[in-house]
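Residue numbers (my numbering): 1057 to 1222. Glycine included, each C-beta is placed from N, C-alpha and C at the ideal position.
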Amino acid sequence: MSTKTIVLDHDRVQRKLQRIAHQLHEENWEEQGIVLVGISPRGTTIAKRLADRLTQGTDLGVELVELKLDKDAPLQVPPSLSVEADRLHDRVVVLVDDVLMSGRTLMHAASYLIQVPLKKLTTVVLVDRRHRTYPIRVDIVGLSLSTTLQEHISVELGRKDTVYLT
1057 MSTKTIVLDH
1067 DRVQRKLQRI
1077 AHQLHEENWE
1087 EQGIVLVGIS
1097 PRGTTIAKRL
1107 ADRLTQGTDL
1117 GVELVELKLD
1127 KDAPLQVPPS
1137 LSVEADRLHD
1147 RVVVLVDDVL
1157 MSGRTLMHAA
1167 SYLIQVPLKK
1177 LTTVVLVDRR
1187 HRTYPIRVDI
1197 VGLSLSTTLQ
1207 EHISVELGRK
1217 DTVYLT
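This is the structure:
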């Protein structure tokens, strides 16, 4: 039986999200607005929380978009956005996910998004496990955590947000 170790408790998750929101504002304060694209399901939840922080604490316009992508078979099922892809044309887009391990999901999501000419694409993850097999980097990271390949990161988002290592 594997044990769960808390890597980030609720308060630390909230502080990480607040810091990420501040960094997004600092990097984009001159823009009319940004589009937060969350990779469904947990990336979308994190994007919503970032959007709430940005709209409450800044005058930056924020649009929230959901990207559905089959994480196990990204080439067999085409990704889909909750809006028409043309709405992203010449806009600042922030791609958000919960955990980055190999980079496969983020790479396929970014590849899909750049089919539309974007003004800028920024990548954000809550936890980066540093096991890259795809050539993608993350611009803003909540927590970098070196793990073994056998270990697993679980992100639970609800009334109490927690990140576990099992």
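Which of helix, strand or coil does DSSP assign to Lys1176?
strand
* How would you call Arg1193, buried or exposed, if buried means at least 16 neighbouring beta carbons within 10 angstroms? -> exposed
Handout entry: Host alpha helix (DSSP H) of Leu1120 (start-end)
Key = From DSSP, Leu1120 is part of no alpha helix (DSSP H) but of the beta strand (DSSP E) over 1117 to 1124.
| said: Whole angstroms are fine: how far does the CA of Arg1071 sit from the CA of Glu1207? | reply: The straight-line gap from Cα to Cα measures roughly 24 Å.
Query raised in the report: Taking the Cβ atom as the reference point for each residue, do Ala1077 and Leu1092 lie within a distance shorter than 8 Å?
Result: no
If you measure between the beta carbons of Val1133 and Val1121, is that distance less than 8 Å? no
Checking 8 Å against the spacing of the C-beta atoms, do Arg1188 and Ser1158 come in under that value? With a cutoff of 8 Å on beta-carbon distance, Arg1188 and Ser1158 are scored as near each other.
Considering only the alpha carbon of each residue, which of Val1180, Arg1143, Gly1198 lies closest to Gly1089? Arg1143
Q.
Residues in the same chain with beta-carbon distance under 7 Å from Ser1200, minus the five sequence neighbours each way, listed in chain order, please.
A. Asp1184, Arg1186
Under 7 Å Cβ to Cβ from Val1197, same chain only, skipping five residues before and after it: list those, please.
Val1181, Asp1184
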